[in-house]
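Structure first, then comments.
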Amino acid sequence: VFAGAARAAVFSNPEVIRRVNASFVPVALKAGLVNNPPNNAEGRLYREIARSKAEAQGICVINSAGKVLDWALTFDDDPSVLDFLDHAVRRFAEYPSARKPVTAERYSKYPSVPMEPVNDNGMALIVPARHVAGTHCPGTPPEPKGTVLARLFGRALDPDGRPVADTLRQEHYVEDRFAVPVAMQQSLAAAMAAAGVDRFRLPAGFARLLADHAYLGQLDVNPVSAPRPGSKGNLKIAEFWAQKIEGTDGGSIRIRVDGRSEALGNQGDGDGPDQRVGLVWRHEVKLVWAGLIELKNERISRLLLTARGSEQLMWTNKQLDVQGQADITRLLAGHPIDLKCGVRYGIIGEPVLEEEPGKAATAAGYGAPRSRPE
Amino acid sequence: LTRRIAWEALIGRGSLIVETSDMRKLTLMAIIVVACAGNAWPQQPKGPLTVKGLEGEIESLRAPKVAWREVPWKSCLLDGLRESRAQNKPCLLWVFIDRPIDDARC
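Taken in sequence, the protein lines are chains A and B. FYI, our numbering numbers position 223 of the first sequence as 223, with every residue one higher than the one before it. FYI, our numbering numbers position 30 of the second sequence as 30, with every residue one higher than the one before it.
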């Protein structure tokens, strides 16, 4: 919830974007790394950030030595975000390095709800010039060569069947990516070979993988996998059929795919840990699919799929007053969702050519700009 | 009378009931059509699929310019700290719950 809420309410504000790009070096860190860092010099940098954290997630400003200047979890209002950034720039001017001890300021809500600050431990950290030899950046583990990296785009439709204009909230517009492992590609190739010219069912794992990513909303409301404790997912229908139709100039075999899927996930309708959390959601997705897959040497060389159908999503939190508040004030709680509409999805995938994170990120041509240490 | 009650139960009381064979068949067909429409699956466009056509359809779903893509987030802390020193700027960290790598959904 937090990441999606922060992306829409904080990092989509044009003035915030301008100031971040002008005055900061923006770094997105997976909380798993901060909370479970590697046991080396780079890991000690993550541990220092985690030493003052207020929650597993948040927005944090550090100086060039890796010392935390400020944490914020939410903000009083939109102008408070700009105040926070200005405040952090001023603190950086005073504490740019580890030469002077610096206290980590923390705010549950900036600026009205400060938390207990965390004093400097007096330790100067070594910032390694590069990752440990023979290892990859922990922020971007590589995909194995031959993995197909698929990008998904999903849109909610208005009553006239056109994509809704909003692209900030994930219940209206979603981008996702997922990997199709080599073993799954090989099972598809085996199924095709066994069928000859006849229609055949896509392997169940492949069908599930597709349905598992075609939904609107944040990660928590996945109607198939339902990742949150206490939530339930159910892939009720996943019928995907394929048939070899032709060869291609490049020596690939092209198969046509069609199918349908229906998933229903929910949380908060019974006993269990979900009752303490207060989350209540229900998500139903019903899609028909069509597309083409090209295979060469038992591997997918191109994946092109579209899906259309309907979606119904309700999400709220009974324990938090999430109604009528600005999104910026409740980044950890999210905003209520009540959606019922037509939907469309597109999936495009190509194989990762080298075992390298940068190429993996851009293999499908839509990778965000990335940078790697030299 | 029994038949009439059963018929009223099927199409709803207060409806205009004309007990002719043709009208009953017509009404029953309409009920079936309406009921089926409620559970009908959407349809994909008919006809052959082409690579070019699918690529165009998928690309049309992608929003070319979304606000949150305007911040060029780094994913490497070492890279960020190096640039922080070089440019004399603080690092702004967006720390979020770990998910599979490169997950654009959050």
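Beta carbons: idealized from backbone N, C-alpha and C, even for Gly.
When Cβ-Cβ separations below 8 Å define contact, residue 47 (chain B) makes no contact with chain A. Distances from the alpha-carbon of residue 161 (chain A) to those of A:349, A:310, A:80 put A:310 closest.
Chain B places no beta carbon closer than 8 Å to that of residue 145 (chain A), leaving this residue out of the contacts. In this structure residue 48 (chain A) is buried. Its beta-carbon is surrounded by 16 or more other beta-carbon atoms within 10 angstroms. The stretch 275-292 of chain A makes no contact with the stretch 325-332 of chain A; the number of CB pairs closer than 8 Å stays below 3. As computed with DSSP, residue 178 (chain A) is found in a beta bridge with A:150. Counting along the chain, residue 83 (chain B) sits inside no beta strand (DSSP E); it lies in the alpha helix (DSSP H) bounded by residues 77-87. Distances from the CA of residue 349 (chain A) to each of A:337, A:293, A:326 were compared; the closest alpha carbon is that of A:293. Between residue 170 (chain A) and residue 230 (chain A), the C-beta gap is not smaller than 8 Å, which leaves the two residues out of contact.
Across the set A:81, A:31, A:38, A:150, the C-alpha of A:31 shows the shortest separation from the C-alpha of residue 97 (chain B). Taken in chain order, the complete alpha helix (DSSP H) segments of 4 or more residues contained in the stretch 185-233 of chain A are 204-211. The three-state secondary structure of residue 95 (chain A), taken from DSSP, is coil. Taking residue 111 (chain A) as the centre and dropping the five residues before and after it, the same chain places the C-beta of 76, 80, 83 closer than 7 Å to its C-beta, in chain order. Within the same chain, 199, 200, 201, 202, 257, 258, 259 come within 8 Å of residue 241 (chain A) by CB-CB distance, once the 5 residues on both sides are set aside.
Taking the CA atoms as reference points, residue 352 (chain A) sits about 13 Å from residue 177 (chain A).
Going by DSSP, residue 105 (chain B) is part of no alpha helix (DSSP H) at all; its letter is neither H nor E. When the five nearest sequence neighbours on each side are left out, the beta carbons in the same chain lying within less than 7 Å of the beta carbon of residue 84 (chain B) are those of 90, 91, in order along the chain. A direct Cα-to-Cα measurement between residue 108 (chain A) and residue 297 (chain A) gives close to 55 Å. Per DSSP, residue 52 (chain B) is one residue of the alpha helix (DSSP H) stretching across 51-61. For the stretch 61-141 of chain A, the full-length alpha helix (DSSP H) segments reaching 4 residues or more read 78-94 along the chain. Under the Cβ criterion (8 Å, minimum of three pairs), the stretch 145-158 of chain A does not count as touching the stretch 126-135 of chain A.
Among the residues facing chain B, residue 60 (chain A) is included, as its CB has a counterpart in that chain under 8 Å away. DSSP places residue 66 (chain B) outside both helix and strand once states are collapsed to three, so it counts as coil.
One finds 95, 96, 97 in chain B with Cβ atoms closer than 7 Å to the Cβ of residue 57 (chain A), taken in chain order. Interface with chain B (8 Å Cβ-Cβ cutoff): residue 20 (chain A) is included. Distance between residue 66 (chain A) and residue 22 (chain A), taken at the CA atoms: about 20 Å. The C-beta of residue 28 (chain A) comes closer than 8 Å to at least one C-beta of chain B.
Bounds of the alpha helix (DSSP H) holding residue 50 (chain A) are 41-51.
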